[in-house]
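Everything below concerns the one structure shown next.
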Amino acid sequence: MYHFIGGRGVSAARFLASRSTVLVEAVRGRKSRNDPVAKSKEGRIKVPPPVDPVEMVVLNERYTEYQLILRALRLEFKEEVLRNMYEEEMGSQAEKRARMEMEEHRTLMAWNDQENLRTLQARILRVQKEEEEAQHRKMELALQREEEQQEFIKQREKEILQLQEEAKNFITLQNLDQRIEEALDNPKNFITLQNLDQRIEEALDNPKNFITLQNLDQRIEEALDNPKNYNFAVDKEGRVVKRTVLQ
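Numbering-wise (my numbering), the sequence shown opens with residue 60 and increments by one.
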């Protein structure tokens, strides 16, 4: 069963109704075009409300005056806005803006000059530092070349002195007789024909290092087990200055 409720009792009815009851709220809607006219309105003729002619004249005058006032206010506001725009573009506001722009331009130019001066000073310092470093490197190279030249000269002087010292012992036509006399005055023990027989006899008395048919195989094995490198060169003092490496 459906129960229709409406008005302020909707909330109370929902709270008090049982669970099985279906509540449908009444909603007032509009009639469609095809619905018939209500019985209470059948034969009714719509008559406009009566109008007082004097009041109508007064209302028309006041409405016209109201429109004129609004139009005047609208035009005045528009004129003020246009005047402000003109002053901003061409009047005192434009002059003020031009002065502000000129002042800003002057400030920016001053800042630009300061930055250019600072950059120029930094560039000058950098160039001076680079020139000093280049000059310092140039002086170091010159000193190094001078030291190398001095070292080369000292080495050559040392070699010249050594050659001069060695040249004192050279046998020339000028000191040939003197050297012969010195050799005769200071004889040295050289192997000559006089003591050759004596040296041969001493070697024959000590035949331990001789290679014979009896010890040939043994000496070959010793040479293979203990190889020696005899491919070298010596200087004037007897020092080995050049040697090849055994492969």
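Just so it is clear, CB atoms sit at the ideal spot from N, CA and C, and this is done for glycine as well.
A direct Cα-to-Cα measurement between Gln-126 and Arg-92 gives close to 40 angstroms. At the C-beta level, Gln-152 and Glu-160 stay beyond 9 angstroms of one another. One Cα belongs to Gln-221, the other to Ile-259, and the distance between them is close to 40 angstroms.
Look at Arg-103 here: in three-state DSSP terms it is coil, with no helix or strand label.
In the DSSP assignment, Pro-112 falls within the unbroken alpha helix (DSSP H) covering 112-148. When secondary structure is reduced to three states using DSSP, Ser-151 falls in the helix class. In the DSSP assignment, Asp-276 falls within the alpha helix (DSSP H) that extends over 275-284. Assignment of Phe-269 by DSSP, reduced to helix, strand and coil, places it in the coil class.
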